[in-house]
Every structure is written in structure tokens, then in C-alpha cells.
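Numbering (the numbering used here), first residue to last: 138 to 390.
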């Protein structure tokens, strides 16, 4: 493990998104607050999840998970795609860095952005919705699992995409719909039986459900299965990143 090279790439990636913090950290939180305001004004008082959980409290963890998902993915996917399109991908290939070094540095930088956005979103939403962490252990674990999984997914997307249009297509047609339709704004228990069962194959459901339990203590699925599922998914995604980088998939041609 080349720790100097690893931290160099990690610092570069972190500084890249910190330079434009309005776009990378604050704007996603504003969007989440807008969603919260719209839904609360429209149906906030008409729906509740038991005597102790209001609709706003139910939706808040979903919005936090949503911004973590979208921004972790965007960080790594945009970094690699930009390097390929602008022609400086060679900067990643020439230094004596292993595929593990590169994968870990890029994914951890995406994790850093995801966690920062999630923390900011939590405190911003707390100004309007009373939130109190139910389980710090679950909250921290799911912040990490979600951010790393989407960071690795973004890296794979960046390696696969040869243009910003291709990267945007994955975001628009896969990441955004799945993050919206996995229990962000509703309980999957309200779905027809087929879709309820189908949702349990969706990793985004376990991400949102686990984080919701960590923050407000409510969950629809099996937490143990969800955590193991996401842990295995993270291992598979990281392994795939290493294999693709080591083989030079779509970056050395």
C-alpha cells in the first residue's frame, strides 16, 4: 500500500469538491429542504406513522439518505469522467499507484463528501423537524455503507462512461429514480404485495431503511439482512473497481 500516493489522490479529490462547496455541499441540502417544504405543505398533516412519528420525521432520514446517495455517486463519477474527457486521466495512470490505492482514495473521497453533505442536511432539516438520533451505531454505519457503495458505483460509472452525457444518463435513469422510489417519501408497507417483495431486492431500500432506523427508530425491513447485504455489495463494488482499474478497462485505449 503506497500511503503517500493514496493520501495525495485522496487530498486532491477532497480539495476538488471543497473548492466549489456551494455546488457540492450546500446546493444539495437546499434541494432537500425544498422537497421537505413542498411535501409538508401539501400532505404533511394528513399522514403519520403512529402516534410518535410524523410525516416530516419519517421523510427526513429519506432525504438525508437521498443527498448522500446522489453526492457520493457524483463525486467519483464526475472526477473520472472529467479526467477522461479533458485528457488528464494519464495523471492517474503514470504515478506508481496500484489499483487498490486509486480505488480506495477515490471511494473514500466520495465517502467524505457524502458524509459531509449528510451531516449538513441533518442539521439543516433539524431546524424545521425535531430529530434526535435513535441509534448512533446504526446511523454511523449506514452513513459509511451508503457513501462508500455509491462512491464505488460512481467510480465504475466514470470508468464506463466516455462522455458527460453517458454519465448523466446513469444518474438520471438509474441513481435518481432508485433513490426516489425506495421508500424516501413513503413506507414500502403501503405498496402492493409484489412491489413490496420486489423492493427487498433493491439495495437503495436497505440504505434508506437502515438510516431511517438509526435516526428515528422506524424500519420496514430486516436490519440485519440489510446491513449484511450492503456490506457484501460494498465488497463486490470495490473488487470490481480494482479489477477494472488494474485491467485499464475503457481508460487505456
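Even glycine gets a Cβ: it sits at the ideal position worked out from N, Cα and C. Keep in mind it's a predicted model, so treat the numbers as computed, not measured.
**Prompt:** Taking contact to mean at least 3 C-beta pairs separated by less than 8 Å, is the segment 312-326 in contact with the segment 351-363?
**Reply:** Yes, the segment 312-326 touches the segment 351-363.
**Message:** Let's test the definition: count the other Cβ atoms within 10 Å of the Cβ of residue 431 and tell me whether it reaches 16, buried, or not, exposed.
**Reply:** Because the chain spans 138 through 390 in this model, residue 431 falls outside it and cannot be assessed.
**Prompt:** Pairing CB atoms from the segment 159-175 with CB atoms from the segment 188-207, are three or more of them under 8 Å?
**Reply:** Touching, yes, given that three or more Cβ pairs across the two stretches are closer than 8 Å.
**Message:** Please give the ranges of any alpha helix (DSSP H) in the segment 201-254, keeping only runs that are unbroken, at least 4 residues long and fully inside the region.
**Reply:** The segment 201-254 contains these whole alpha helix (DSSP H) runs: 227-230.
**Asked** Helix, strand or coil: how does DSSP classify residue 298 here?
**Response** Reading the chain shown from its first residue, position 161 is the one you call residue 298. Three-state result, residue 298: coil.
**residue 328 beta carbon less than 8 Å from that of residue 316** = On the chain shown, residue 316 is found 179 positions in, with the first residue counted as 1. On the chain shown, residue 328 is found 191 positions in, with the first residue counted as 1. Judged by beta-carbon spacing, residue 328 lies beyond the 8 Å limit of residue 316, meaning their Cβ atoms are not closer than that value.
**Prompt:** Can residue 236 and residue 228 be called in contact, C-beta distance under 8 Å?
**Reply:** For this step, residue 236 is matched to residue 99 along the chain shown. For this step, residue 228 is matched to residue 91 along the chain shown. Pairing residue 236 with residue 228 gives a Cβ-Cβ distance that is not under 8 Å.
**Message:** Can you give me the C-alpha to C-alpha distance between residue 173 and residue 262, rounded to a whole angstrom?
**Reply:** Reading the chain shown from its first residue, position 36 is the one you call residue 173. Reading the chain shown from its first residue, position 125 is the one you call residue 262. Answer to the nearest angstrom: the Cα atoms are 8 Å apart.
**Cα-Cα separation, residue 211 to residue 352** = Residue 211 sits at position 74 when you count from the first residue of the chain shown. Residue 352 sits at position 215 when you count from the first residue of the chain shown. Approximately 24 Å between the Cα atoms of the pair.
**Proximity below 8 Å, CB of residue 368 to CB of residue 343** = Within the chain shown, the letter at position 231 stands for residue 368. Within the chain shown, the letter at position 206 stands for residue 343. Their beta carbons are not under 8 Å apart, which means residue 368 does not touch residue 343 by this criterion.
**Request:** Below 8 Å on the Cβ atoms is my guess for residue 217 versus residue 283; work out the distance and round it to an integer in Å.
**Result:** Mapped onto the chain shown, residue 217 falls at position 80. Mapped onto the chain shown, residue 283 falls at position 146. About 20 Å separates the two Cβ atoms, so there is no contact after all.
**Prompt:** Between 290, 268, 280, 163, which lies nearest to residue 379 when the distance is taken from Cα to Cα?
**Reply:** Indexing the chain shown from 1 puts residue 379 at position 242. Nearest C-alpha to residue 379: 290.
**Item:** For residue 273 and residue 150, the rounded distance between their alpha carbons
**Value:** Residue mapping note: residue 150 aligns to position 13 of the chain shown, counting from 1. Residue mapping note: residue 273 aligns to position 136 of the chain shown, counting from 1. The straight-line gap from Cα to Cα measures roughly 28 Å.
**Prompt:** In the structure shown, what three-state DSSP assignment does residue 265 receive?
**Reply:** If you number the chain shown from 1, residue 265 lands on position 128. Secondary structure of residue 265 (DSSP, three-state): coil.
**Prompt:** In whole angstroms, what separates the C-alpha of residue 350 from that of residue 276?
**Reply:** As a position in the chain shown, residue 350 is number 213, starting the count at 1. As a position in the chain shown, residue 276 is number 139, starting the count at 1. Near 8 Å, if we compare the C-alpha coordinates of residue 276 and residue 350.
**Asked** Can you tell me whether residue 252 is buried or exposed, with buried defined as 16 or more other CB within 10 angstroms of its CB?
**Response** Reading the chain shown from its first residue, position 115 is the one you call residue 252. Label assigned to residue 252: buried.
**Prompt:** Leaving out the 5 sequence neighbours to the left and right, which residues in its chain are closer than 6 Å to residue 280 when beta-carbon positions are compared?
**Reply:** Indexing the chain shown from 1 puts residue 280 at position 143. Here the set comprises 252, 255.
**Request:** Look at the alpha carbon of residue 312 and the alpha carbon of residue 207, and state the distance between them as a whole number of angstroms.
**Result:** By 1-based counting over the chain shown, the position of residue 312 is 175. By 1-based counting over the chain shown, the position of residue 207 is 70. Roughly 7 Å between the two C-alpha positions.
**Sub-8 Å separation of residue 147 and residue 247 beta-carbons** = Stepping through the chain shown from its first residue, residue 147 is reached at position 10. Stepping through the chain shown from its first residue, residue 247 is reached at position 110. Result no, Cβ atoms of residue 147 and residue 247 do not sit closer than 8 Å.
**Request:** Please go through the segment 315-340 and give each complete alpha helix (DSSP H) segment of 4 or more residues, from N-terminal end onward.
**Result:** Counting only runs of at least 4 residues, the segment 315-340 fully encloses the following alpha helix (DSSP H) elements, listed from N- to C-terminal order: 330-336.
**Message:** Please classify residue 243 as buried or exposed, where buried requires at least 16 neighbouring CB atoms within 10 angstroms.
**Reply:** What you label residue 243 is simply residue 106 of the chain shown in a count that begins at 1. When all chains shown are included, residue 243 counts as buried.
**Supposed close pair residue 286, residue 371 - CB separation, criterion 8 Å** = Counting from 1 along the chain shown, the entry for residue 286 is found at position 149. Counting from 1 along the chain shown, the entry for residue 371 is found at position 234. The Cβ separation is near 5 Å, so the contact holds.
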